[in-house]
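Under full-length UniProt numbering, think of the first position of the sequence shown as 1, with each following residue one higher.
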Amino acid sequence: MKDKSRDLPSCFDCAAEPGGRLEQMFVEIVQKRRIALGQSPAMRPVFRKLHGVVGARFVVKPGLPPDLAVGVFAGSAYDAWVRFSSDTAPTSSDLTSTIGVGIKLFGVPGRKLLGDGETHDFLLQNHDVFFVDTAKDMCEFTYAGVVAGDYQPYLDAHPRTDQILKDMAKVEGSVLTTNYWSALPFRLGSSDYVKYLLRPTTLPANVPDDDPDYLATDLRTRLRDGGYTFEFCVQRRTDPANMPLDAATVPWNSEPIVVATLEIPQQDIDAAGQSSYGENLAFNIWHALAEHEPVGSIAEVRRRVYAASATTRHTANGVADEEPRVKRPFPPAAPAPADSCIVGAVIHPAIGVARVGNSPDKWFYGPEVPDPPAPEPGSRRDDQGRLARQAARFRVYGVDATGKIVRELTDAQVKWTVHLANKKAAWYEFQLALDIPEAASAPPTLLRNAGVGDRKQLVIDPGPRSVSGVDRPGVAFDTGTFMGARVYLGELRTDDKGRLVVLGGRGHSASFDGSRAVTFGNNDGWHDDTADGPVTAEVELDGRALAVKPAWVIVAPPDYAPMRKSVRTMWDLMRDLAIQNGMLPRPARPSFNHDIRPIFERLSGLQWVNAGFAAAFGYKGQFDLTEPTTLRRLAVADPAQREARHVLANQFRVLDRDAWAAQPWPWLYGDAMNVPPAETPRQNAALTDTQLAMLQQWAAGDFDEDYDTAPPPARLEDYPVARQGDALDRAALDHCLADAFHPGCEMTWPVRHASMYMSAFRFKHAAHKVEPSYGASLIGDTLTLPDGPLAGQFPGGITRWMAVPWQTDTASCRSGYLKSYDPYLPTFWPARVPNQVLTRDNYDIVVDPSKPLAERLAAFANRASWTRTFDRSSYTDTINNFIGHIESPGIVEPRPGPSDGAPFPAVIEVEDLPPPLLAVPQSKRPTAGATPQEVEALEQELLAIEKVHRFPTGLRR
């Protein structure tokens, strides 16, 4: 039987007072209730889900006949703002929702039927009819859902409405390729009636899309790439008998007549303030010239309900309830012209990186662009096979009042000052990163060399050095001492433009008492010649001294794989830190070319330094994500590829989701790495939060489709001068690691604390002369001191946290400690410290077209242990052997692939051994001469070293 409790009460009069009842239901019951429950900002009661707000131009078709050139159509062109939305909740799916478009024209003179100002509104939807005929019908339909709580009885009794609602639930691929109708009629002048049709000039591709917000993603993606045009048409009332004025479910089938175009140019709909501007606009079909008066009972009630709704919303949001007097500019104002007035100076890179090498004379410049050209084979060694040093070069740029670079100051008088120091032996031991919970389970962090009472003897500090002018020769840091013995830490030079060149030590490490190194990171009595310190400059330009933003220099261990970057670089880490702490803006969306593509290319690039990555991500591997066809497919925001993108994005480790599982990417050990694996999410590493968020945006299709196959800039001069500083910063830090801070290669865990920075990528310098003593043990409370070790930095303050000497840590960083899981994975730092490499002998087979293809393929797949040239039968012998022979392992360098069309990469990275080793017959290598039994014994010993056995008493819960 019929449930009569849902019948419309006689006192709820929808016939006599539909406007009042509809206002009550839409505004008082729905809109104000949502506001009372905390909706902020207050929203419209209908068409709440915003897809985007766009600037546009409404251009009237020239030469319209007099009967059409009426009202708005009597003008020529108007600026417009357009709001695309769906009549659904903001959290609901776009699929099969009713889409609406509101168009507000600016510069339309004349008195409006409702409201004020020189604006004029159009409202349309993506269906040619409305789902009820009259205001009374709309009132009764709304009562069923809003008051009675169930639309179905009404729909059962009104099959026409039911069918139209079902027809309106259609798939639209894009708001820019959809037809929109007014559904309601309007006057055209004094005696004519029309309905409006807005139709796109671009054909639709209406493919179902299960992403809940795909219409917004599609809109921003399309408009980033180009503009779109709609034809604005009128449909005349040519058959009054079949084209009623107050029966909105009846379509008008007259031929559309184009009277204008709506031109939406290319733009960024995420521009600051654009969406909020559009959300504060009120649209009402009665905000119109009298020549375009709305017609019919539904139009009449819309006048009242829409006005009341706008007032309610504007009042709740503290926005003036009136038409905008001044429109938001569109197109956006062009950037201010470059200011040539130099008010200050800044040094770049903000953090420069030099590297030690044991060649007495040979050196080279470190990367000065993020993707530098490959070094010539053999160029990283001298003719004796010793390692060339990497120099850090600094430039000073003049900046305007906003901090933007104007030009490099090669014509200024510049006095450079650098203060290098090595404080490792006087600092605390490395046990574990002290900013993670697992540190409580590691041994206490005690002073190194605790038995040495005079701590100054452990500090290698030659004091500051200065240099100025052009082509100045070396000014050495050679007066610092360790336990009374002088130690050379490097030197300063200038180039032919007066830029600063910093060279570090010569890879010499030793103990003052003749003791052997016994552990990976805390060898008492030992020192090395890495260092770090501030870089400052006194700059005089045109007789005026400039304030100069300073920099820092790190002298790090050698880079044995100069073309490789890890999946998360130090630049990625510091960028994420800067974004999280408000030093850099969060990008609205990732760039495929600069944010997403590099992640895949780095995974692939590790094929040359780790056999596991070679099998999975290498050439023709299971996940060869850099294969051109694959890259082109991943580089477009095609909804058909969304699930493929999601699958890839979800392969990357999320710490609180994946715990200590080894399988998620990127297959690198983490800060709390232990053997056997510790039951902690930091057993393995993850990308930064910014990288992970960008991967998810990319997966959703919300990214810049800027894939470019052109090679990146190979010289700093190829960048606009305003971007050269950023390029230098990224170049230096992209080639530093931010994998396991255990402790790391160049820098370690303190650099992820914002208290150490004056600005993004730029370390804060200590404000006082002497650093306080922190006691015999470093505890967590010390780290939070305002003048503590994580505040402004002193010379030697960055590298002191690293292993002493660095060689013992480098020689200890292996991969695949647990062979039962995988012999090659996970791994520590293969981008700087390779694990398995392609030998020169196997490369020669690969490129030899006379060899059988099967032999060449086998040679390509074969990877040799990178450590084989210095490994000995015991761990202690191994690390001490490497201390004295840092040149013995190979440098992984690019060489051309085969030229005969065989199935191999065009570029192959190959181990380059020093000439003395290359001269040894292959059958005699490695020179260590370890037997298979000795190798196995060493591998077993490695499972118990302190490097990988961080929790001797277990992990605390």
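Even glycine gets a Cβ: it sits at the ideal position worked out from N, Cα and C.
- K947 and S773 have their alpha carbons spaced roughly 27 angstroms apart.
- Put simply, of A316, N253, V146 the residue whose alpha carbon is nearest the alpha carbon of Y196 is N253.
- The residue from A588, P65, Q152 with its alpha-carbon nearest to that of L188 is P65.
- DSSP lists A391 as the bridge partner or partners of Y365.
- In this structure, A440 lies away from R33, with their beta-carbon atoms at least 8 angstroms apart.
- In the same chain as K362, and ignoring 5 residues on each side of it, the C-beta atoms closer than 7 angstroms to its own belong to D382, A388, in chain order.
- Secondary structure at L853: helix, using DSSP grouped into helix, strand and coil.
- W181 and K170 have their C-alpha atoms spaced approximately 15 angstroms apart.
- Closest in C-alpha terms to L668, from the list T867, L838, G744, comes G744.
- When the beta-carbon positions are compared, A803 and T867 stay at least 8 angstroms from each other.
- Counting of Cβ neighbours within 10 angstroms places P830 among the buried residues, the total reaching 16 or more.
- The three-state secondary structure of Q641, taken from DSSP, is helix.
- The segment 882-917 is shown to contain no whole alpha helix (DSSP H) run of 4 or more residues.
- As summarised for the segment 476-508, the continuous beta strand (DSSP E) elements at least 3 residues long and confined to that stretch are 480-482, 485-487, 490-494, 500-503, given in chain order.
- In terms of Cα proximity to D706, the closest of R465, L716, F592, H735 is F592.
- Where I845 is concerned, the enclosing alpha helix (DSSP H) starts and stops at 840-846.
- Taking every protein chain shown into account, the CB of Q266 has fewer than 16 other CB atoms within 10 angstroms, so this residue is exposed.
- With a 10 Å radius around the Cβ and a threshold of 16 neighbouring Cβ atoms, A714 comes out exposed.
- Residue pairing for K49: DSSP places it in a beta bridge opposite S86.
- Counting only runs that start and end inside the segment 85-121, the beta strand (DSSP E) elements of at least 3 residues fall at 99-106.
- Distances from the alpha-carbon of P720 to those of A248, K404, S873 put K404 closest.
- The alpha carbon of D133 has as its nearest neighbour, out of T119, I35, L245, the alpha carbon of L245.
- For S566, the three-state secondary structure derived from DSSP is coil.
- Just so you know, the alpha carbons of G378 and P372 end up roughly 17 angstroms apart.
- Under the DSSP assignment, E279 falls in the alpha helix (DSSP H) whose first and last residues are 274-280.
- Burial check for R632: the Cβ neighbour count within 10 Å stays below 16, so the residue is exposed.
- The bridge partners DSSP lists for V518 come to none.
- Contact check for R832 against D559 passes: the beta carbons are separated by less than 8 angstroms.
- Residues V846, V847, P849, F904 of the same chain have their beta carbon placed closer than 7 angstroms to that of P898, with the five preceding and five following residues left out of the count.
- In the structure shown, the three-state DSSP call for C736 is coil.
- The residues V132, Y154, in chain order, have a CB closer than 6 angstroms to that of F141 in the same chain once the five nearest residues on each side in sequence are set aside.
- Remark: C-beta atoms of F394 and V609 do not approach each other more closely than 8 angstroms.
- When the five nearest sequence neighbours on each side are left out, the beta carbons in the same chain lying within less than 7 angstroms of the beta carbon of E231 are those of R199, T201, V258, T261, in order along the chain.
- Within the DSSP secondary-structure output, D704 pairs in a beta bridge with S591.
- Pairing Q807 with F882 gives a Cβ-Cβ distance under 8 angstroms.
- Counting along the chain, the unbroken beta strand (DSSP E) around P200 starts and ends at 192-200.
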